[in-house]
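Our numbering applies: residue 2 is where the sequence shown begins, and numbers increase by one.
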Amino acid sequence: MSNTIDAKRETTIKTRYVAGSQQLLRADRETVSEVSPAIADDIARVVAAAIGDCGVLVLSDYAKGVLTPPSITAMIAAAHRAGKPILVDPKGHDYTRYRGATLLTPNRRELAEAVHAPVGDDAQIAAACRKLIKLCGTEAVLCTRGADGMTLVTAKGKVHQIGRAHV
2 MSNTIDAKRE TTIKTRYVAG SQQLLRADRE TVSEVSPAIA DDIARVVAAA
52 IGDCGVLVLS DYAKGVLTPP SITAMIAAAH RAGKPILVDP KGHDYTRYRG
102 ATLLTPNRRE LAEAVHAPVG DDAQIAAACR KLIKLCGTEA VLCTRGADGM
152 TLVTAKGKVH QIGRAHV
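Next comes the structure, spelled out in structure tokens:
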């Protein structure tokens with residue numbers, strides 16, 4: 002990465018309030034806005050330079066502004082050129098910014114918001130995953146469902162229920 006510094010962006014400070022060994026509260030002081038285009042370009046360049054030495058590209062989007070749409074597109078393209086799979090933990094409402102990723106891993110609520118569809122049962126979750134696959138041109142969607150485990154749906158139509166808790 003270059004020595005570019007975004008003077009408008011402070012380092013995140015996380016303050017934990019603890020009683021004994023129990024964390025009661027965490028308060029974060031952070032900047033939640035897109036990084037400057039120069040910094041986004043730097044991030045994408047670093048990823049492109051390093052991706053050949055990696056097994057996979059993982060984009061964990063916390064919606065803090067570090068992953069910008071142009072940098073996401075550039076990083077996914079670099080991973081494709083290097084023949085590397087791309088796993089994305091998405092945020093936001095527009096998942097088309099992750100077009101071309103190998104796997105998207107939204108939770109149930111995020112999936113519902115992304116495709117504007119109900120996700121109350123297995124069939125609805127599978128249908129929503131299929132819709133997201135088509136929308137984003139991804140190979141698969143893994144919907145995390147808390148105590149109900151996970152649902153993996155592939156572009157080839159396979160549906161797998163994983164780790165469903167039995168009560």
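Beta carbons: idealized from backbone N, C-alpha and C, even for Gly.
Taking all protein chains in view, the Cβ of ALA64 is surrounded by fewer than 16 other Cβ atoms within 10 Å, so the residue is classified as exposed. Beta-bridge annotation (DSSP): HIS161 is paired with LEU153.
Burial is judged here by how many other beta carbons sit within 10 angstroms of a residue's own beta carbon; THR97 has fewer than 16 and is exposed.
Apart from sequence neighbours up to five positions away, the residues of its chain that approach GLN125 with a beta-carbon distance below 8 Å are ALA118 and PRO119, ordered along the chain. Apart from the 5 residues on each side of it in sequence, ASN108 sits with its Cβ closer than 8 Å to the Cβ of CYS144, THR145, ARG146 and GLY147 in its chain, given in chain order.
Judged by DSSP secondary structure, THR145 falls within the beta strand (DSSP E) whose first and last residues are 141-145.
By the Cβ neighbour-count rule, LEU25 is exposed, with fewer than 16 other Cβ atoms within 10 Å of its own.
Residue environment analysis places PRO91 among the buried positions, since at least 16 neighbouring C-beta atoms fall within 10 angstroms of its C-beta. Check the Cα spacing between ALA39 and each of VAL142, LEU68 and THR103: the tightest is with LEU68. Within 10 angstroms of the beta-carbon of ALA50 lie fewer than 16 other beta-carbons, which makes it exposed. About 5 Å separates the beta carbons of ALA141 and LEU104, which is inside the 8 Å limit, making them a contact pair. Less than 7 Å separates the beta-carbon of CYS137 from that of TYR99. The three-state reading of DSSP puts ASP29 in strand, counting E and B together. In the three-state reduction of the DSSP assignment, ARG100 falls in the coil class.
In this structure, the CA atom of GLY164 is about 34 Å from the CA atom of THR16. The residue among ASP7, ARG131 and ARG110 with its C-alpha nearest the C-alpha of GLY121 is ARG110.
When secondary structure is reduced to three states using DSSP, THR16 falls in the strand class.
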